[in-house]
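Report on the structure given below.
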Amino acid sequence: MSWKLFLLLLEAARLTVILSVVSIGVIGFLLATGVCAANMSQNRFARGAGWLFVSFFRGTPLLVQLLLIYYLLPSIGLDVPSEVAAVAGMSLCTAAYQAEIMRGGFAAVPTGLVEAADMAGMSRLTTFRRIRLPIAFKLTLPGLINEWIMMLKSSSLVSVVGVVELTRMAQDLAASTYRPLELYAAAGFIYLCISIVVALVGRGLEARLSWGRL
Numbered sequence: 001m002s003w004k005l006f007l008l009l010l011e012a013a014r015l016t017v018i019l020s021v022v023s024i025g026v027i028g029f030l031l032a033t034g035v036c037a038a039n040m041s042q043n044r045f046a047r048g049a050g051w052l053f054v055s056f057f058r059g060t061p062l063l064v065q066l067l068l069i070y071y072l073l074p075s076i077g078l079d080v081p082s083e084v085a086a087v088a089g090m091s092l093c094t095a096a097y098q099a100e101i102m103r104g105g106f107a108a109v110p111t112g113l114v115e116a117a118d119m120a121g122m123s124r125l126t127t128f129r130r131i132r133l134p135i136a137f138k139l140t141l142p143g144l145i146n147e148w149i150m151m152l153k154s155s156s157l158v159s160v161v162g163v164v165e166l167t168r169m170a171q172d173l174a175a176s177t178y179r180p181l182e183l184y185a186a187a188g189f190i191y192l193c194i195s196i197v198v199a200l201v202g203r204g205l206e207a208r209l210s211w212g213r214l
């Protein structure tokens, strides 16, 4: 495979990374925080809304969600680029999974520590900020990193809405050069490298948490 073809794959991989970071690490994470708060709320309406959100986006395939959003937006008068539809679909899907991971982390915080903080006179906000949040984040970080890697690989599905990311570029180049084995192997190698980087960043964060530096 020529260097020129590999550079085209790298350029498409850059778009894959950008879409993944925006969808998974920014919008999806923020949405997940809100959904997790709703699921843990004392308000029955908020819990019900959170449950419906998680049930729908965990119970339907990402491919179907992407197609629904891609065709729904123009029908309500929103003519947006395909990249926006891709970001919206990936963000909503990963938010449902990340919210459940976060909820599990908060549920695993020892109740004795929370009770001790109450007895020591800490406010609810201080208890959350200094006890519940750090422990929950440490417990959920491996699960969140795993979810981010899974969604990174699932980003290949956004090609169905016209986004020329890494997988779509490999398909187009394979169709024009008749060298599918080399191109798909190169695309797989690039995905592997990106996933390894994400995993290493996650391990670095876990190590810093263990050393008490975060």
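Going by the UniProt record's numbering, the first residue of the sequence shown is number 1, and it counts up by one from there.
Glycine is no exception: its CB is placed at the ideal position from the N, C-alpha and C atoms.
Small disclaimer: the values here were computed from a predicted structure and weren't measured.
query: Taking the CB atoms as reference points, tell me whether residue 6 and residue 186 lie closer together than 9 Å.; result: yes
query: Helix, strand or coil for residue 5? Go by DSSP, reduced to three states.; result: helix
query: Could you check how far apart the C-beta atoms of residue 28 and residue 102 are, in whole angstroms? I think they sit under 8 Å.; result: Between residue 102 and residue 28 the Cβ distance is about 12 Å, and since that is not below 8 Å, they are no contact.
query: State the Cα-Cα distance for the pair residue 47 and residue 38, rounded to the nearest angstrom.; result: 5 Å
query: If I measure Cβ to Cβ from residue 160 and keep anything under 7 Å in the same chain, skipping five residues before and after, which residues do I get?; result: 63, 66, 67
query: Taking 9 Å as the cut-off, decide whether the C-beta atoms of residue 125 and residue 202 are in contact.; result: no
query: One question on the structure: do residue 116 and residue 53 come within less than 9 Å of each other, judged by their Cβ atoms?; result: no
query: So, using beta-carbon positions, are residue 13 and residue 113 closer together than 9 Å?; result: no
query: If the criterion is Cβ atoms closer than 9 Å, does the pair residue 87 and residue 23 meet it?; result: yes
query: Note the first and the last residue of the continuous alpha helix (DSSP H) segment covering residue 110.; result: Neither: residue 110 is in no alpha helix (DSSP H) and is coded neither H nor E.
query: Does DSSP put residue 70 in a helix, a strand or coil?; result: helix
query: Going by Cα to Cα distance, which pick from 3, 35, 177 is closest to residue 223?; result: Since the displayed the chain opens at 1 and closes at 214, residue 223 lies outside it and no answer follows.
query: So what does DSSP say about residue 206, is it helix, strand or coil?; result: helix
query: Under 8 Å Cβ to Cβ from residue 9, same chain only, skipping five residues before and after it: list those, please.; result: 166, 169, 170, 173, 183, 186, 187, 190
query: At which residue ranges does the region 55-106 contain complete alpha helix (DSSP H) runs of 4 or more residues, listed in the order of the chain?; result: 62-75
query: Are there 16 or more other CB atoms within 10 angstroms of the CB of residue 60, so buried, or fewer, so exposed?; result: exposed
query: Give the DSSP-derived three-state secondary structure of residue 42 in the structure shown.; result: coil
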